[in-house]
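Heads up: the structure comes next, in structure tokens.
Chains as they are written, first to last, in this note's numbering: chain A, 5 to 73; chain B, 2 to 230.
Laid out in structure tokens, this is it:
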């Protein structure tokens with residue numbers, strides 16, 4: 005599977021989605037890990053904002069959400 | 002009749018935007034940030050300490066606004082930021098160290114190198130190293146090489162390595178331009194059931210990605226991972 009890997013050096017897109025500067029890791033002030041699903045019409049349909057390092061949806065959770073669209 | 006009813010409204014709009022643009026001096030931004038940032042509210046800990054802001058945290062917004070306010074003031078911010086490197090408040094020192102990088106070239110490498118040698122907080126040291134490197138020029142190479150031998154934190158050591166690899170290449174001007182052009186009203190603009198806020202970012206291979214280019218074509222899974230900046 006191919007996917008683009010954009011970087012956000014100023015955290016401005018992280019700020020747009022409300023996840024900038026919320027986690028300390030590797031001695032840095034980094035973003036909160038988060039997953040969003042946007043449907044074909046560009047509407048935000050799903051969001052999950054981590055509350056711990058490992059808190060993220062499993063691949064099957066994401067597939068199930070995509071099937072709902 | 003109509004003009005007299007319209008006039009107060011217009012004036013109000015002008016004065017609000019005027020207050021917004023000259024809101025705070027650099028020193029005021031830094032003390033405002035210190036007031037807004039609640040150091041005690043870190044959550045989700047491990048053996049190295051607590052690492053996550055609570056979901057309803059607003060401190061990050063103050064951090065983002067302050068960063069932009071200071072970068073917008075340009076070189077005028079440098080004396081206040083250098084002073085803030087001596088602050089008792091660790092998060093203020095971290096933010097000051099980081100912001101000095103965005104003000105490159107022109108922030109004093111000597112002041113940052115001096116602080117690096119006495120700074121107890123590893124995150125502040127890490128951002129000092131990054132910011133020294135962003136000033137460009139090869140003049141701090143020897144100091145950073147010798148610091149690498151004394152540094153006890155592995156992450157900071159790694160960043161010294163990045164700084165040495167950059168070999169005098171300073172801050173990419175497009176990075177501070179992005180921060181200057183950023184609109185604070187767009188913070189936390191995403192809402193479930195509403196159009197996803199659009200953005201353009203560059204990929205690691207230099208291609209441009211615009212979210213709205215997928216509209217009408219494909220659903221998008223947008224994953225924010227963390228990584229080194």
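Note that the Cβ used here is the ideal one computed from N, Cα and C, for glycine as well.
query, result
"Sequence-distant residues of its chain with Cβ nearer than 6 Å to residue 18 (chain A) (five each side left out)", "12, 24 and 35"
"Where residue 103 (chain B) falls, given that 16 or more other Cβ within 10 Å makes a residue buried", "buried"
"Residue burial classification, residue 163 (chain B) (beta-carbon count within 10 angstroms, cutoff 16)", "exposed"
"contact_flag[the stretch 105-121 of chain B, the stretch 54-67 of chain B] where n(CB pairs < 8 Å) is 3 or more", "no"
"With 16 other Cβ atoms within 10 Å as the buried cut-off, status of residue 21 (chain A)", "buried"
"Contact with chain B by residue 43 (chain A), beta-carbon distance below 9 Å", "yes"
"Whether residue 221 (chain B) touches residue 212 (chain B) by CB criterion (9 Å)", "yes"
"Per DSSP, cross-strand counterpart(s) of residue 40 (chain A)", "A:51 and B:223"
"Residues near residue 13 (chain B) by beta carbon distance below 7 Å, same chain, minus five either side", "Confidence at residue 13 (chain B) is low in this model, with a pLDDT of 49, below 50, so its placement is unreliable and the value that follows should be read with caution. If we look at residue 13 (chain B) and ignore the five residues flanking it on each side, it has no Cβ neighbours."
"Contact set for residue 122 (chain B): own chain, Cβ-Cβ below 8 Å, skip 5 residues either direction", "91, 94 and 95"
"Contact set between the stretch 12-33 of chain A and chain B, restricted to residues whose Cβ is under 8 Å from the partner", "12, 13, 14, 15, 16, 17, 18, 19, 20, 21, 22, 23, 24, 25, 26, 27, 28, 29, 30, 31, 32 and 33"
"Alpha-carbon to alpha-carbon, residue 208 (chain B) and residue 66 (chain A)", "26 Å"
"Selection of the stretch 85-112 of chain B by Cβ proximity to chain A, strictly under 7 Å", "95"
"Within chain A, partners of residue 219 (chain B) - CB distance below 9 Å", "44"
"CB contact check: residue 216 (chain B) to chain A, cutoff 9 Å", "yes"
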